[in-house]
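Heads up: the sequence shown begins at 1 in full-length UniProt numbering, then just goes up one per residue.
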Amino acid sequence: MDELMSASKEFFRQPLQMKREFSNLNDGEQFRAEGYGNDKVRSKDQILDWSDWIYLKVEPEDERNLALRPKHPSSFRDALHEFAVRCRRVKRDVLRAMARIAGLDDDDQHFVDQLGGRATVHARFNYYPPCPRADLVMGIKPHSDGTVITVLLVARGADGLQVLRYGVWYSVPSSSTHALLTNVGESTEVMSNGMFRSPVHRVVNSAEKERISLAMRSG
Numbered sequence: 001m002d003e004l005m006s007a008s009k010e011f012f013r014q015p016l017q018m019k020r021e022f023s024n025l026n027d028g029e030q031f032r033a034e035g036y037g038n039d040k041v042r043s044k045d046q047i048l049d050w051s052d053w054i055y056l057k058v059e060p061e062d063e064r065n066l067a068l069r070p071k072h073p074s075s076f077r078d079a080l081h082e083f084a085v086r087c088r089r090v091k092r093d094v095l096r097a098m099a100r101i102a103g104l105d106d107d108d109q110h111f112v113d114q115l116g117g118r119a120t121v122h123a124r125f126n127y128y129p130p131c132p133r134a135d136l137v138m139g140i141k142p143h144s145d146g147t148v149i150t151v152l153l154v155a156r157g158a159d160g161l162q163v164l165r166y167g168v169w170y171s172v173p174s175s176s177t178h179a180l181l182t183n184v185g186e187s188t189e190v191m192s193n194g195m196f197r198s199p200v201h202r203v204v205n206s207a208e209k210e211r212i213s214l215a216m217r218s219g
């Protein structure tokens, strides 16, 4: 975890020209999901999130686009691979526990099986720079994840994540050392018939501190 957060910080702190080598724009124009950049610009009146990200497919392994994987720092690729492998166990353990909570004691693989043999997993590294007028921007707009489950790693002491509950935004405390946050996706909400809810959440910016996180999105 420490190595991966350190590598991601080093990547985002590079000059813009170096990061653009892994741009999510083909020929500077055609948008694609994978790569470095930010929101797809759909209109001149669009309000963009105050964040940059690099979005990479990590599973299935034979579908990885290595051309979009940062080469600097040199530890980035290996650290991401090891983290992805270890996240598989976390994800499966959590989904099995959720199946037992749902009363599926004879089939605790229920939610795991929904992923299939070649489940898709994307890694989204998010960088939120400080903003002098943080009250006027949003790191990431309110949304819920359209996934089965998301495993979130946040740099130590990075506040900003908020969850909506009954019309009130609640701040999620910054993680302690080596903590992971698991987030239920919309697919699991449907599969569980609403027993597990996919929370609406957002990220607010700080005027003084940067924020870096990694979301491993499965399904």
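Ideal placement from N, C-alpha and C gives every residue a C-beta, glycine not left out.
Under the three-state DSSP convention, the category residue i falls into
| i | result |
| --- | --- |
| Q17 | helix |
| V41 | coil |
| M140 | According to the sequence as given, residue 140 is Ile; it is not Met. Strand. |
| V94 | helix |
| V172 | coil |
| L66 | helix |
| F196 | coil |
| E59 | strand |
| L104 | coil |
| H110 | helix |
| D145 | coil |
| L4 | helix |
| R133 | coil |
| R156 | coil |
| T177 | coil |
| K9 | helix |
| H188 | Note on residue identity: the sequence assigns Thr, not His, to residue 188. Note: T188 maps to helix in three-state DSSP. |
| R118 | coil |
Beta-bridge partners of residue i, as assigned by DSSP
| i | result |
| --- | --- |
| F125 | I54 and L214 |
| Y36 | S23 and I54 |
| N183 | T150 |
| F31 | L25 |
| L80 | Its beta-bridge partners do not exist; DSSP assigns none. |
| L161 | V203 |
Distance between beta carbons of residue j and residue i, contact taken as under 8 Å
| i | j | result |
| --- | --- | --- |
| Q109 | R96 | 7 Å |
| F22 | L68 | 5 Å |
| S218 | V172 | Actually they do not touch by this definition, with Cβ atoms about 20 Å apart. |
| L56 | A123 | 5 Å |
| G139 | V41 | 18 Å between Cβ atoms; not a contact. |
| S51 | Y128 | 5 Å |
| M98 | F196 | 6 Å |
| A84 | M216 | 7 Å |
Length of the line joining the Cα atoms of residue i and residue j
| i | j | result |
| --- | --- | --- |
| R162 | D145 | Residue identity differs from the one stated: residue 162 is Gln in this sequence, not Arg. Approximately 14 Å between the Cα atoms of the pair. |
| D135 | S206 | 9 Å |
| E63 | A102 | 33 Å |
| T150 | T120 | 12 Å |
| D49 | L25 | 17 Å |
| V184 | V94 | 10 Å |
| R32 | D39 | 10 Å |
| I54 | R100 | 35 Å |
| E189 | Y36 | 30 Å |
| L181 | L4 | 16 Å |
| V154 | D45 | 31 Å |
| K209 | A158 | 8 Å |
| S213 | E59 | 19 Å |
| R86 | K71 | 22 Å |
| V168 | L152 | 22 Å |
Heavy atom of the ligand ZN within 8 Å of residue i beta-carbon
| i | result |
| --- | --- |
| S144 | Judged by which ligands are present, the structure shown has none, so any question about the ligand ZN falls away. |
Okay, do the region 4 to 12 and the region 77 to 93 touch, 3+ Cβ pairs below 8 Å being the bar?
-> yes
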